[in-house]
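Step one of this worksheet: look at the structure below.
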Amino acid sequence: MSVLVLVLAVSAACCLGFGFVLQQNAAQQAPLSDFLSFRLLLDLMRMPRWLGGLGLMVAGMVLGAVALGKGEISLVEPLLATNLLFALALSRYRTGQSLGRQGWAGLLLLAGGVSAFLMAGEPRAGTAVADPLRHWLIIGAVVGVALVLTAYAKRSRLSWGPVLLATAAGLLYGVQDALTRVSGTLFGDGGLAELLTSWQPYGVLACGVTGLVLVQSAFETAPLRMSLPALTAAEPLAGILCGVGFLGDRLRTDTGALAWEAAGLAAVVAGIVLLGMHPAMPCGATGTEPSARDLQRR
């Protein structure tokens with residue numbers, strides 16, 4: 016494992032975790048009439064705290080993109096999932112809540128699961144699949160699942176809706192990560208002209224903006240502990256699927272390795288859920304920041 020890739024991925028996770036906490040703190044005060052609307056982003060742009068969180072998220076995505084350009088997506092994605100640890104650290108600082116058994120169990124499961132998956136799978140680069148049909152089939156399947164989840168979320172925005180929206184956003188972010196990797200390769204091979212005449216960078220933009228609307232709508236309608244675990248769990252799963260499916264990433268496939276890889280991913284998901292449900296995670300509005308509705312009236 017490259018030390019540089021490790022440092023970049025963990026730094027990206029730190030920025031993402033802190034950014035998500037700040038964004039949710041602001042988004043929960045936006046008017047519900049903005050739910051699943053691009054108008055939500057316009058209202059949130061009036062909140063300094065949300066802009067700060069967005070800046071951290073963008074920084075995290077840039078660092079993640081650099082890490083993806085230097086390492087396999089099947090290696091980087093599990094490391095990016097540790098953003099929940101940094102979100103919990105910031106939330107714990109704000110609330111003064113100790114980790115307790117649940118926090119330590121989630122931390123150990125997440126860290127142990129990432130380690131087990133990386134050690135068992137030994138992600139390494141291979142030859143990317145050139146057949147565009149395979150690209151479209153995998154990307155279409157992931158995006159299709161995200162659309163179905165979003166459609167169901169519209170019917171249950173105050174119950175399971177935020178979880179479904181966050182899962183959909185995570186799937187889109189996983190596709191975005193894969194297309195970012197492809198875009199970097201295009202730029203490296205053919206320069207800016209090759210990049211701008213290909214569809215992948217525009218796919219990165221579309222997935223990023225759509226995912227942002229989905230995740231902010233999830234943040235708006237539910238506590239962070241409901242939305243962030245789903246977001247954090249879905250992104251690496253979608254990214255690894257794309258990495259192995261068409262980017263040429265290779266994992267060990269013998270029986271023992273597959274068993275440890277599956278166990279590692281299961282531990283990651285379980286750790287994410289435990290950490291996301293930790294009492295230190297924000298669970299409601301604090302009332303310290305003016306809402307977007309109030310800003311509109313001024």
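Here this note's numbering is used: the first residue of the sequence shown is 16, the next is one more, and so on.
Just so it is clear, CB atoms sit at the ideal spot from N, CA and C, and this is done for glycine as well.
Please classify residue i: does DSSP put it in a helix, a strand, or coil?
| i | result |
| --- | --- |
| R265 | strand |
| R61 | coil |
Rank the options by C-alpha distance to the C-alpha of residue i and give the top, closest one.
| i | options | result |
| --- | --- | --- |
| G75 | T165, P63, V91 | V91 |
| F33 | M60, L194, Y108 | Y108 |
| R139 | A281, G271, V259 | V259 |
| V25 | L95, L59, Q39 | L95 |
| T247 | E87, Y217, P216, C29 | C29 |
| S130 | D269, L21, L256 | L21 |
| G279 | A104, V77, G127, P46 | G127 |
| M134 | A274, M292, Q44, L239 | A274 |
| A285 | F101, L122, L55, Q44 | L122 |
| P238 | A221, W214, P294, E87 | P294 |
| F261 | R116, R196, S106, W214 | R196 |
| E87 | T142, R116, W65 | T142 |
| G226 | V73, L78, P63, R64 | V73 |
| S106 | R240, D269, R170 | R240 |
| M62 | L78, A45, D49 | A45 |
CB-CB under 6 Å to residue i, same chain, minus the five flanking residues each way: which ones, in chain order?
| i | result |
| --- | --- |
| G189 | E250, A253, G254 |
| L211 | none |
| G68 | G34, L37, Q38 |
| L7 | This structure cannot speak to residue 7, because the chain is shown only from 16 to 313. |
| L99 | T247, I287, L290 |
| A168 | G176, L179, L180 |
| L152 | none |
| D204 | none |
| W65 | Q38, A41, L59 |
Determine the burial state of residue i: buried for a count of at least 16 other Cβ atoms within 10 Å of its Cβ, exposed for fewer.
| i | result |
| --- | --- |
| A41 | buried |
| L179 | buried |
| L23 | buried |
| L207 | exposed |
| M60 | exposed |
| D146 | exposed |
| A27 | buried |
| P93 | buried |
| V163 | exposed |
| W119 | exposed |
| V18 | exposed |
| L47 | exposed |
| L55 | buried |
| W214 | exposed |
| A245 | buried |
Might you give, ordered along the chain, the residues of its own chain that have their beta carbon closer than 8 Å to the beta carbon of residue i, omitting 5 neighbours on each side?
| i | result |
| --- | --- |
| G199 | A80, L83, G84 |
| E209 | L201, F202 |
| L71 | C30, L31, F33, G34, L37 |
| D309 | Because the pLDDT of D309 is 42, which lies under 50, any placement of that residue in the model is unreliable, and the number read from its coordinates should be weighed accordingly. If we look at D309 and ignore the five residues flanking it on each side, it has no Cβ neighbours. |
| V283 | P93, A96, L124, L125, G128, V129, F132, A248, P251 |
| A281 | G128 |
Short of 7 Å in beta carbon distance, which residues of its chain neighbour residue i, apart from the five on each side in sequence? Order them along the chain.
| i | result |
| --- | --- |
| A161 | A183, L186, L187 |
| G136 | S89, L266, R267, A272, E276 |
| F53 | V228 |
| F326 | With the chain represented from 16 up to 313, any question about residue 326 goes unanswered, as that position is not in the structure. |
Counting contacts by CB-CB distance shorter than 8 Å, is residue i in contact with chain D?
| i | result |
| --- | --- |
| G185 | The chain labelled as chain D is not found in the depicted structure, where only one protein chain is given. |
Just confirm the distance between the C-beta atoms of residue i and residue j, as a whole number of angstroms; I'd bet it's less than 8 Å.
| i | j | result |
| --- | --- | --- |
| T97 | L125 | 7 Å |
| L243 | A181 | 7 Å |
| L194 | V219 | 5 Å |
| V144 | G263 | 7 Å |
| T223 | Q191 | Note that residue 223 is Gly in the sequence shown here, rather than Thr. Indeed they touch by this definition, with Cβ atoms about 5 Å apart. |
| F234 | Q43 | 6 Å |
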